[in-house]
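Peer 1: Below you'll find the structure I mean.
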């Protein structure tokens, strides 16, 4: 557990000029069986090579609206990826992150946090998603990267994020 936590730099900033709070997490991708575990796991290095980097920032304002930003570098160049927030932390298998986070409790169909992006010629991509609602405690734990946007895409990487929440 300690090695996993040291692989992520996370900061929670309270208050500030905009109010609310911010969670900032960064990581470098490694295979699931890497000697030094990482919170950023690559399942297919042809899309997300080991040592590619990711940063996820969540800002929730005092009214509960949430913005999530993603920035990734070192991935497959000139490629469209799918990305979304998932319910569980990353694991040894792509399915370990579980289903996508839904804004409706109990897994009912609802809005999701979608962070689809297209990389440039250097393999750098970014995405932002904003919602009027916040995350529920213990129900959002990772960002899953897919080989392409869409519901039938293959999970190629995952990043465990210590998301904050606004509702229990």
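In our numbering, the protein residues as written are 381 to 548. Cβ atoms here follow ideal geometry from the backbone N, Cα and C, with glycine treated the same way. All values reported here derive from a predicted model rather than from experimental measurement.
How should residue 540 be labelled, buried or exposed, when 16 other C-beta atoms within 10 angstroms of its C-beta is the threshold for buried?
Peer 2: Here residue 540 corresponds to residue number 160 of the chain shown, with the count starting at 1. The residue is buried, with at least 16 neighbouring Cβ atoms inside 10 Å.
Peer 1: How about residue 524 and residue 459: are their beta carbons less than 7 Å apart?
Peer 2: In the chain shown, counting from the first residue as 1, residue 524 sits at position 144. In the chain shown, counting from the first residue as 1, residue 459 sits at position 79. In this structure, residue 459 does not lie closer than 7 Å to residue 524 by Cβ.
Peer 1: Would DSSP call residue 476 helix, strand or coil?
Peer 2: By 1-based counting over the chain shown, the position of residue 476 is 96. In the three-state reduction of the DSSP assignment, residue 476 falls in the helix class, which pools H, G and I.
Peer 1: Across the segment 450 to 464 and the segment 500 to 514, are there enough close Cβ pairs to call them in contact, namely three or more that are closer than 8 Å?
Peer 2: By the criterion of at least three beta-carbon pairs nearer than 8 Å, the segment 450 to 464 is in contact with the segment 500 to 514.
Peer 1: Below 7 Å between beta carbons: does that hold for residue 516 and residue 545?
Peer 2: Position 136 of the chain shown holds residue 516. Position 165 of the chain shown holds residue 545. Against a cut-off of 7 Å, the Cβ pair of residue 545 and residue 516 comes out as a contact.
Peer 1: Do residue 447 and residue 400 come within 7 Å of each other at the CB atom, strictly closer than that value?
Peer 2: Here the question's residue 400 lines up with position 20 in the chain shown. Here the question's residue 447 lines up with position 67 in the chain shown. Cβ atoms of residue 400 and residue 447: not closer than 7 Å.
Peer 1: Taking the C-alpha atoms as reference points, what is the distance between residue 429 and residue 437?
Peer 2: On the chain shown, position 49 is the one that residue 429 refers to. On the chain shown, position 57 is the one that residue 437 refers to. Roughly 22 Å separates the two Cα atoms.
Peer 1: Going by the CB atoms, is the gap between residue 505 and residue 452 shorter than 7 Å?
Peer 2: Within the chain shown, residue 452 is the residue found at index 72, counting from 1. Within the chain shown, residue 505 is the residue found at index 125, counting from 1. Contact: yes.
Peer 1: In angstroms with no decimal places, state the Cα-to-Cα distance between residue 427 and residue 536.
Peer 2: As a working mapping, residue 427 is identified with position 47 in the chain shown. As a working mapping, residue 536 is identified with position 156 in the chain shown. C-alpha separation (whole angstroms): 7 Å.
Peer 1: Hey, could you find the ends of the beta strand (DSSP E) residue 539 is sitting in?
Peer 2: Within the chain shown, residue 539 is the residue found at index 159, counting from 1. 535 to 540 is the span of the beta strand (DSSP E), which, as asked, contains residue 539.
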